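Notes follow once the structure below has been shown.
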Amino acid sequence: MKSTLLSRRDLDFLLFDWLRIDELTRRGRFAEHSRETFSDTLDLCEQLATRYFAPHNKQSDAHEPTFDGTKVTIIGEVKEALAACADAELIGMAMDYDLGGAQLPATVAQAGFAWLFAANVSTAGYPMLTMANANLLARFGSEEQIAAFVKPMLAGRFFGTMCLSETQAGSSLADITTRAEPRADGTFRLFGSKMWISGGEHELSENIVHLVLAKIPGGPAGTKGISLFIVPKYLVERDGALGERNDVVLAGLNHKMGYRGITNTVLNFGEGGHRPGGEPGAVGYLVGSEHRGLSYMFHMMNEARLGVGMGAIALGYTGYLKSLDYARSRPQGRPVTAKDPAAPQIPIVEHADVKRMLLAQKSYVEGALALALYCARLVDISHTAESDQELEHATALLDILTPIAKSWPSQWCLAANDLAIQVHGGYGYTREYDVEQHYRDNRLNPIHEGTHGIQSLDLLGRKVVQHNGASLSALHRAMTDTITAARQAGGESAHLAAQLDAVVQRLVAVTGSMFAAGDLDAALANSAIYLEAFGHVAIAWMWLEQLRAAAGRAGDFFEGKRQAARYFFRYELPKTGPQLDLLESLDRTTLQMRPEWF
1 MKSTLLSRRD LDFLLFDWLR IDELTRRGRF AEHSRETFSD TLDLCEQLAT
51 RYFAPHNKQS DAHEPTFDGT KVTIIGEVKE ALAACADAEL IGMAMDYDLG
101 GAQLPATVAQ AGFAWLFAAN VSTAGYPMLT MANANLLARF GSEEQIAAFV
151 KPMLAGRFFG TMCLSETQAG SSLADITTRA EPRADGTFRL FGSKMWISGG
201 EHELSENIVH LVLAKIPGGP AGTKGISLFI VPKYLVERDG ALGERNDVVL
251 AGLNHKMGYR GITNTVLNFG EGGHRPGGEP GAVGYLVGSE HRGLSYMFHM
301 MNEARLGVGM GAIALGYTGY LKSLDYARSR PQGRPVTAKD PAAPQIPIVE
351 HADVKRMLLA QKSYVEGALA LALYCARLVD ISHTAESDQE LEHATALLDI
401 LTPIAKSWPS QWCLAANDLA IQVHGGYGYT REYDVEQHYR DNRLNPIHEG
451 THGIQSLDLL GRKVVQHNGA SLSALHRAMT DTITAARQAG GESAHLAAQL
501 DAVVQRLVAV TGSMFAAGDL DAALANSAIY LEAFGHVAIA WMWLEQLRAA
551 AGRAGDFFEG KRQAARYFFR YELPKTGPQL DLLESLDRTT LQMRPEWF
C-alpha cells in the first residue's frame, strides 16, 4: 500500500534521477557513503515516521502540552518517538563523524526529515531545532562548548532552542532588552524575557540548550550590540554531569491553532526562580565574540528557514496524497454529459474540477519539494566545494533562494492544504479527517522564522542587490542554462523554455527598473508581491528541470510529471504578468494609505 505521508517514488526521482546525489560520494566528505546508504536512510526515516510519529499526530493535537505552574505535561508518545529518533542517530545524520554524526549529505537528511514532518510536524520540531542549534555551535562554539552541549544534543540527551523574540520587540531584534552582565570567571548573567520559544520547556530530555540573543551593557546600539549566549536549563559540570538548575523559568505556554504538540513558551531569565551559586541571573556562556551574535544566529535562522519550508512542503504533500486517496475512493455524481440517472456514480477523481484541484496541489507540492532539495544540494556543494568559483556560485544561489524556499511553500503548500479540504467536501473541515489539522499546522509557517513581509524585504532589499547583484546574476545564469538545454531538446520542453525565458527576462528587467527610479520606499512597498512572482518563476524553473529529467520516459509517474508541469506553466506562471506590471509601475497605493482611513 502506498504511503499517504510522502511519495517515495517522487523522492527517488528527485534525488537520484534529477539531482544525481549519488555523485556526491565522489567528494571526500561523503566518500564512505553510497546510493545504498542514502536509500537505507530514507527507508529508516519512513519507517520511524510511520511507526512512531504519525500514530500520535491527532492525539498530540487534541491533547496539547499543559502547565500546572510547576511542570509541563506532554503525552508519552512524543517522548517515545523522540527516543526512537535519537536511537536511530537521526539528529546528527548530516553532522561530522568526529562529533558523533553520520556525515550524510544535507540533501539526504532533508529528504529523510521530510517523512517526520509529514507524519507529525509538532514532534519533529524538537529534533529540527536541536539539529540547527547543534550546527551553529559546531561552527562557532569553542571546543569546550561543543563537548558540553553539541555531542549530547546529537545523542538525543539534550534538546536545543533558539531565543530571539521578545514581547515588545517581535521581529525587530534591534529593540531587544535582554541583557548579559559579564562576570569575572568569564561567564555572563542574563536578565530578560523571550517569547514564542518552541520547545522551550519540557521533560523530554535531560537538558535544554537555549541559544539566547542579548546585549552586553555598554555595547553598540541596535543589532550591532547583540551577542549570542548558551543558557542551559541545567548547568553542565566539567565531567559532563548535570549541575544546578539554571535561572530559566517558564512563565507560560502559548496556545496555537496548529503545531499544538510542541511547547511554545514564554521564558524568563534571571527572575530569581533559581539562583545558581546564590547569585542573581541565568548563567550564560558567550558564543564566539561579543556583539556578533546576530551574524551567528543567522546560521541557525537560515537553516531553520529551510526547515520551515520543508515542513510546509511535507504538510502540503501529505494533504495532497490524502485528498487524492479520498477522491479515488469517493463515488459521487456522474459525468456532466451523462443523461441516465440510473447510471452508476463515478469516483470524484474523474470530475474535471476535482482534477483541477488535485493538479494544483501536485504542481505546488512537487515543485516546492524540488526547490527544497535543490537548496539542500547547494548546502552540500558549499560544504565540499572543489574551487573558490564553485563555492561562490553555490553560496550566491543559496543566499537568494533561501527566502523563496521558506516563504513560497509556506504560502502555496498551505493553498494545497486548503484545496485538500475542498476535495473532501464537508468531511474536509471535520476533525475526523486529517486535512483540517494539516491546514491549521501549516498556517503557522507563513509566520515562523520570519514572516512573508520580512522574507520579501530580505529578498528584494538585500539579496538581489548585494555584491552588485551577484546572487541574482548567478540565479539568472542557472535558469538560462536550463532554458538553453530545454530549447536544444526541442518539442514541448522548448516551448515551455521559451515561455519561462520571457518571464525570467522580464523579472530581471523589472528588478532593475524598480531601483533605477531612486525611490526606495516605492520599490520596497510591494516586496511581498515581488516575492510571490519571484517564487513562481523559481518553481517554474524547477518544473522545467523535472520535465527534462523525465524526458523520454514512459509510465503513469512520468506522464503525471509532464501534466503537472503543463498545469503550472498554463495556470500559474501567467499570474506573474500583472504582478510584474504592478511592480514596474512603482505603485504607491499602500504607501499613500493613512492609518486614519482604515
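Residue 415 in full-length UniProt numbering sits at position 415 of the sequence shown, and the numbers go up by one each step. Where is the CB? At the ideal position from N, CA and C, for every residue including glycine. Remember, predicted model here, so these are calculated numbers, not experimental data.
{"Query": "For Tyr-285 and Val-108, the rounded distance between their alpha carbons", "Result": "33 angstroms"}
{"Query": "Limits of the alpha helix (DSSP H) - the one that Leu-19 falls within", "Result": "Element bounds for Leu-19: n/a, residue is neither H nor E."}
{"Query": "For Glu-181, the first and last residue of its enclosing beta strand (DSSP E)", "Result": "179-182"}
{"Query": "For Thr-576, the three-state DSSP class (helix, strand or coil)", "Result": "helix"}
{"Query": "Under the three-state DSSP convention, the category Leu-267 falls into", "Result": "strand"}
{"Query": "Reduced DSSP category for Pro-152 - H, G, I as helix; E, B as strand; rest coil", "Result": "helix"}
{"Query": "Ala-372 beta carbon less than 7 angstroms from that of Gly-309", "Result": "yes"}
{"Query": "Of the residues Cys-85, Arg-35 and Pro-55, the one placed nearest Gly-156, counting alpha carbons only", "Result": "Cys-85"}
{"Query": "Distance between Leu-459 and Leu-531 (C-alpha atoms, nearest Å)", "Result": "7 angstroms"}
{"Query": "Three-state class that DSSP yields for Asn-417 in the structure shown", "Result": "helix"}
{"Query": "Cβ shell of Ala-517 (< 8 angstroms), same chain only, five flanking positions each side left out", "Result": "Ala-523 and Leu-586"}
{"Query": "Euclidean distance between Cα positions of Ile-539 and Ala-180", "Result": "44 angstroms"}
{"Query": "Inter-stretch contact (C-beta, 8 angstroms, three-pair minimum) for the stretch 167-179 and the stretch 234-247", "Result": "no"}
{"Query": "Best match in Met-257, Asp-519, Glu-449 and Leu-580 for proximity to Gly-535 [C-alpha to C-alpha]", "Result": "Leu-580"}
{"Query": "Other residues of its chain near Glu-449: CB distance less than 7 angstroms, five sequence neighbours each side excluded", "Result": "Met-301, Ala-304, Arg-305, Val-308 and Lys-406"}
{"Query": "Best match in Tyr-429, Leu-573, Val-121 and Ser-323 for proximity to Val-423 [C-alpha to C-alpha]", "Result": "Ser-323"}
{"Query": "Helix, strand or coil at Ser-122 according to DSSP, with G and I counted as helix", "Result": "helix"}
{"Query": "CA-to-CA distance, Glu-390 to Phe-557, given in whole angstroms", "Result": "34 angstroms"}
{"Query": "Within 7 angstroms, strictly: CB atoms of Ile-197 and Phe-159", "Result": "no"}
{"Query": "Unbroken stretches of the alpha helix (DSSP H), 4 residues or longer, contained in the stretch 347-417", "Result": "352-383"}
{"Query": "Reduced DSSP category for residue 602 - H, G, I as helix; E, B as strand; rest coil", "Result": "Given that the chain is displayed from residue 1 to residue 598, the structure contains no residue 602 and the question cannot be resolved."}
{"Query": "Short Cβ contact (7 angstroms threshold) for Tyr-259 with Asp-68", "Result": "no"}
{"Query": "Other residues of its chain near Thr-41: CB distance less than 7 angstroms, five sequence neighbours each side excluded", "Result": "Met-93, Leu-104, Val-108 and Gly-112"}
{"Query": "7 angstroms Cβ cutoff met for His-393 and Ala-474", "Result": "yes"}
{"Query": "Cα-Cα separation, Leu-5 to Ala-420", "Result": "14 angstroms"}
{"Query": "Top-ranked residue by Cα proximity to Gln-361, from Cys-413, Pro-347 and Ala-396", "Result": "Cys-413"}
{"Query": "Pro-331, buried or exposed, once every other Cβ within 10 Å from all chains shown has been counted against 16", "Result": "exposed"}
{"Query": "Boundaries of the beta strand (DSSP E) in which Ile-75 is found, first to last residue", "Result": "It is not in any beta strand (DSSP E) - Ile-75 carries neither H nor E in the DSSP assignment."}
{"Query": "Continuous alpha helix (DSSP H) stretch holding Asn-468: start and end", "Result": "466-489"}
{"Query": "The stretch 290-301 in contact with the stretch 219-228 per 3-pair CB rule at 8 angstroms", "Result": "yes"}
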